[in-house]
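1 is the number of the first residue of the sequence shown in this note's numbering; add one for each residue after it.
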Amino acid sequence: MIDRRHFAGLAALSAFSALTTGSKATAQTALPPGSRRAGLPPIFDPSGLRPEWRGAEEVLMLAYPGMTALDLVAPQYMFASLLGATVRVVARDPGPIRSDTGLVIVPDLTFDAAPEAPDILFAPGGISGTLAAMEDVATIDFLAARGARAGYVTSVCTGSLLLGQAGLLDGYEATSHWLAMPVLDAFGATPVDARIVQDRNRLTGGGVTAGLDFGLTLVDLLRGEDYAKGVQLLAEYAPEPPFDAGRMETAPPAVATRMTGLFPGFDDHARALAEQRRGG
1 MIDRRHFAGL
11 AALSAFSALT
21 TGSKATAQTA
31 LPPGSRRAGL
41 PPIFDPSGLR
51 PEWRGAEEVL
61 MLAYPGMTAL
71 DLVAPQYMFA
81 SLLGATVRVV
91 ARDPGPIRSD
101 TGLVIVPDLT
111 FDAAPEAPDI
121 LFAPGGISGT
131 LAAMEDVATI
141 DFLAARGARA
151 GYVTSVCTGS
161 LLLGQAGLLD
171 GYEATSHWLA
181 MPVLDAFGAT
191 PVDARIVQDR
201 NRLTGGGVTA
211 GLDFGLTLVD
221 LLRGEDYAKG
231 VQLLAEYAPE
241 PPFDAGRMET
251 APPAVATRMT
261 GLFPGFDDHA
271 RALAEQRRGG
């Protein structure tokens with residue numbers, strides 16, 4: 001029987017296996033028991049997937065109250081497409097977690113049950129929820145301990161501030177949401193205004209939607225470009241936004257001024273937390 005965490009990856013890959021290998025769908029589908037009706041053709045055939053495309057990565061994705069849901073959900077889709085990987089959401093407490101938009105996510109593991117040396121450690125961002133998580137000793141201690149042993153230490157959006165608070169960005173280049181870029185240096189990081197920034201085993205993404213690009217980048221690093229392009233095709237990720245206002249330099253000045261003005265205390269609050277960290 002296929003583990004539910006592994007099944008997502010199989011389902012995500014099956015649709016493009018024939019395209020990338022040239023094989024035909026002939027094998028029986030590996031769906032969970034009872035999900036196939038008699039007489040219907042197989043939904044997918046994983047037999048044509050290249051052996052080197054299967055891995056065994058352990059992926060831990062942090063969740064916390066008030067996080068931005070898309071920061072976690074977009075990369076999770078990409079991580080779940082890594083054939084053979086085990087992707088788990090981890091949180092301080094076992095109960096449901098409400099995101100800043102009201103979406104509720106139930107974690108798979110609590111901190112004490114999480115593997116000590118994950119292949120990928122990931123932190124999503126947010127605004128007030130992230131600042132609160134930066135003040136939560138258990139959350140920061142968890143990131144510091146797992147990050148010291150992780151293969152890749154990663155984040156999207158203001159999740160980079162959580163990594164910084166845990167001491168995981170000292171001496172590294174990193175990016176973040178435009179709201180947090182000015183304060184990254186307070187955590188020992190070198191801010192880089194880019195969608196994705198990789199510095200050794202640190203991989204950070206910009207704000208919210210950058211999680212899709214971030215996730216694909218990691219898929220490419222772990223499985224190769226051909227595999228990553230198949231994941232992109234299955235997701236039909238070919239963005240054509242209705243407006244060109246997704247970055248400060250392209251947004252109308254009035255819009256940029258208004259949005260920046262919504263969070264007047266964020267920078268000072270984050271810097272205060274960085275100073276507390278430096279003070280021990």
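Just so it is clear, CB atoms sit at the ideal spot from N, CA and C, and this is done for glycine as well. Source: prediction; values computed, not measured.
What is the DSSP secondary structure of L62, counted as helix, strand or coil?
In this structure, L62 counts as strand in the three-state DSSP scheme.
Would you say L62 and L83 are within 8 Å of each other, going by their C-beta atoms? Contact: no.
| query | When the Cα of D93 is compared with those of A145, F243, L109, V231, which residue comes out closest? | reply | Nearest C-alpha to D93: L109.
Distance, G126 Cα to L184 Cα:
Cα atoms of L184 and G126: separation of roughly 15 Å, rounded to the nearest angstrom.
I need the DSSP call for D268, collapsed to helix, strand or coil. Note: D268 maps to helix in three-state DSSP.
Quiz item: Do F187 and L203 have their C-beta atoms closer together than 8 Å?
Solution: With respect to the 8 Å criterion, F187 and L203 are not classified as neighbours on the basis of their beta carbons.
Q. Is it true that the segment 143-159 meets the segment 167-177, where meeting means three or more beta-carbon pairs spaced less than 8 Å apart?
A. Judged by Cβ distances under 8 Å, the segment 143-159 makes contact with the segment 167-177, as three or more pairs qualify.
Could you check how far apart the C-beta atoms of H177 and T158 are, in whole angstroms? I think they sit under 8 Å. Contact between H177 and T158 holds, since their C-beta atoms are separated by about 5 Å, short of 8 Å.
In or out: G279 buried (at least 16 other Cβ within 10 Å) or exposed? Classification for G279: exposed.
- Assumed close pair V208, T101 - CB separation to whole angstroms, cut-off 8 Å: Between V208 and T101, the beta carbon gap of about 11 Å keeps them out of contact (Cβ cut-off 8 Å).
**Asked** In whole angstroms, what is the alpha-carbon distance linking G224 and P264?
**Response** Using only the alpha carbons, I get a separation of about 42 Å.
#### Entry: D140 - containing alpha helix (DSSP H), residue span
Looking at the sequence shown, residue 140 is not Asp but Ile. That run of the alpha helix (DSSP H) goes 137-147.
- Item | G22, DSSP secondary structure in three states | Here the model assigns G22 a pLDDT of 36, short of 50, so the residue's position is not dependable, and the following value carries that caveat. Reduced to three states, the DSSP call for G22 is coil.
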